[in-house]
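To start, the structure itself, in structure tokens.
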Amino acid sequence: MKVLVTGAAGFIGMHVASRLLARGDQVVGLDNLDDYYDVSLKRARLAQLDQPGFEFRLLDICDRDGMAKLFADEKFDAVVHLAAQAGVRYSLQNPHRYIETNVAGFLNVLEECRRHPVRHLVYASSSSVYGGNAKLPFSESDNVDHPVSIYAATKKSNELMAHTYSHLFGIPTTGLRFFTVYGPWGRPDMALFLFTRAILAGQPVDVFNHGKMRRDFTYIDDIADGVVLTLDRPAEPLAGFDVMHPDPARSWAPYQVLNIGRHGPAGLLEYLDSLEEALGRKAERRYLPMQPGDVEATFADTSALQKWTGFAPSTSIREGIKRFVDWYLDFYKTESK
45 MKVLVTGAAG
55 FIGMHVASRL
65 LARGDQVVGL
75 DNLDDYYDVS
85 LKRARLAQLD
95 QPGFEFRLLD
105 ICDRDGMAKL
115 FADEKFDAVV
125 HLAAQAGVRY
135 SLQNPHRYIE
145 TNVAGFLNVL
155 EECRRHPVRH
165 LVYASSSSVY
175 GGNAKLPFSE
185 SDNVDHPVSI
195 YAATKKSNEL
205 MAHTYSHLFG
215 IPTTGLRFFT
225 VYGPWGRPDM
235 ALFLFTRAIL
245 AGQPVDVFNH
255 GKMRRDFTYI
265 DDIADGVVLT
275 LDRPAEPLAG
285 FDVMHPDPAR
295 SWAPYQVLNI
305 GRHGPAGLLE
315 YLDSLEEALG
325 RKAERRYLPM
335 QPGDVEATFA
345 DTSALQKWTG
355 FAPSTSIREG
365 IKRFVDWYLD
375 FYKTESK
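Using this note's numbering, the first residue of the sequence shown is number 45, and each one after it goes up by one.
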């Protein structure tokens, strides 16, 4: 296939594009290389994709004319839409950027998939849509009408927008609710990166909610495999969809929403313990209250994704963190001891 991967210079985007290239697909990678975090890291990720079958386009999904020309010229078979303004905390500081990129930008993607039909649009949603939900594990059939950040609200908006286009124009769409992805080439604003940098610098590590946090930490290789498996299985209308008792995750249209996670949450302190082991150093821990917009626990029910694609994540937290540390020390040429 010829596949468009938006956000190709991003953490998940690079790994997904790499998987597609490895199996022989043509990949057009789009990214605007914004400066939300270190652009040199994004360029280094793109360098990993510099191989036959890959073409890079420096383009912002908010550029309506640019997106129209790209789709008209390339005639994509499928789209993996991962470009977005990420970060829960930053959405409290700059909400307009999230609406512009995550809502208006996604509309441009949907419009071009309408004008130039694709066999499947897979897009990034987020576990953050579960917001204030307390029932664990989180199921796609749960109500998600209580987001606790603008970032989460934009991701819920994406799911609603996708359903509209699946209904009106028959575009098969699948939204993947990602759960705390970590691993090599990760984002510098996420906990594992921040913890590693602080420990190596001899600085204290900020542990929020006094360490009473649980996350469905999911290793990047498992995530990339799950995205590709999903791409190969386009959403279908649900036979016998009950309009009187609708399932929020399915539809009479070719639309679905799926959790993608490890289906096994771990405590933040366990996560930090594994990092200390991999680095061979102890962290100075600074215990702090919960941050605004954060939640205490996430736990993905991934049974629907497993049934649909055979998805079965296999990487333990201990092994995943070790691989991250090995990458980090090599990439930044830092000694662990």
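Glycine is no exception: its CB is placed at the ideal position from the N, C-alpha and C atoms.
Tell me the rounded alpha-carbon separation between residue i and residue j.
i: Phe-252; j: Leu-238; result: 13 Å
i: Cys-106; j: Thr-208; result: 20 Å
i: Lys-256; j: Ile-361; result: 18 Å
i: Ile-56; j: Phe-222; result: 10 Å
i: Arg-325; j: Leu-212; result: 56 Å
i: Glu-99; j: Gly-230; result: 22 Å
i: Leu-65; j: His-59; result: 10 Å
i: Thr-145; j: Phe-355; result: 30 Å
i: Lys-381; j: Lys-366; result: For Lys-381, the predicted model reports a pLDDT of 48, less than 50, meaning its position is unreliable; a value from the coordinates is still stated below. Spanning the two alpha carbons is a distance of roughly 15 Å.
i: Tyr-372; j: Arg-159; result: 42 Å
i: Val-71; j: Arg-330; result: 44 Å
i: Ala-178; j: Ala-235; result: 22 Å
i: Gly-110; j: Gly-311; result: 44 Å
i: Ile-215; j: Glu-184; result: 20 Å
i: Asp-189; j: Phe-368; result: 35 Å
i: Val-173; j: Val-132; result: 11 Å
i: Cys-88; j: Ala-52; result: Note that residue 88 is Ala in the sequence shown here, rather than Cys. Answer to the nearest angstrom: the Cα atoms are 12 Å apart.
i: Leu-220; j: Val-272; result: 11 Å
i: Asn-138; j: Ala-197; result: 14 Å
i: Leu-74; j: Tyr-226; result: 22 Å
i: Thr-224; j: Lys-199; result: 15 Å
i: Glu-340; j: Glu-280; result: 34 Å
i: Leu-204; j: His-125; result: 15 Å
i: Val-147; j: Leu-154; result: 11 Å
i: Gly-68; j: Ala-245; result: 42 Å
i: Tyr-134; j: Tyr-142; result: 9 Å
i: Leu-90; j: His-289; result: 45 Å
i: Asp-370; j: Gly-364; result: 10 Å
i: Gln-335; j: Lys-377; result: 32 Å
i: Ser-358; j: Gln-95; result: 28 Å
i: Tyr-6; j: Gln-300; result: The first residue shown for the chain is 45 and the last is 381, placing residue 6 beyond what the model contains.
i: Arg-101; j: Met-45; result: 18 Å
i: Ser-210; j: Val-49; result: 20 Å
i: Asn-152; j: Leu-323; result: 44 Å
My assumption, with CB atoms under 8 Å, is that residue i sits in contact with residue j. Please give the rounded CB distance.
i: His-164; j: Pro-278; result: 4 Å
i: Val-162; j: Ala-127; result: Between Ala-127 and Val-162 the Cβ distance is about 16 Å, and since that is not below 8 Å, they are no contact.
i: Pro-309; j: Arg-241; result: So it is not a contact: roughly 24 Å between Cβ atoms.
i: Ala-206; j: Glu-156; result: In fact, because the Cβ distance is near 14 Å, the residues do not count as touching under 8 Å.
i: Asp-382; j: Arg-63; result: A question about residue 382 goes unanswered here, because the residues of the chain that appear run from 45 up to 381.
I'd like to confirm the pairing. Which residues does DSSP put opposite residue i in its beta bridges?
i: Asn-303; result: Arg-221
i: Arg-101; result: Leu-74
i: Gly-324; result: Its beta-bridge partners do not exist; DSSP assigns none.
i: Tyr-331; result: Val-251
i: Gly-311; result: Arg-258
i: Ala-122; result: Val-47 and His-164
i: Ala-344; result: Phe-182
Taking 7 Å as the cut-off, is the C-beta of residue i nearer than that to any heavy atom in the ligand ATP?
i: Arg-87; result: As for the ligand ATP, it is missing from this structure, which has no ligand bound.
Which runs of the beta strand (DSSP E), 3 residues or longer, sit entirely within the stretch 163-196? 164-170
How about the stretch 278-288 and the stretch 72-89: do they share at least three Cβ pairs that are nearer than 8 Å? no
Does the structure place the stretch 309-324 close enough to the stretch 242-259 that three or more beta carbon pairs sit under 8 Å? yes
Okay, do the stretch 334-346 and the stretch 297-311 touch, 3+ Cβ pairs below 8 Å being the bar? yes
Only counting runs of 4 or more residues, tell me where the alpha helix (DSSP H) segments fall wholly within the stretch 205-289, in order along the chain. 235-244 and 264-275
I'd like the ranges of any beta strand (DSSP E) spanning at least 3 consecutive residues and lying wholly in the stretch 61-94. 70-75
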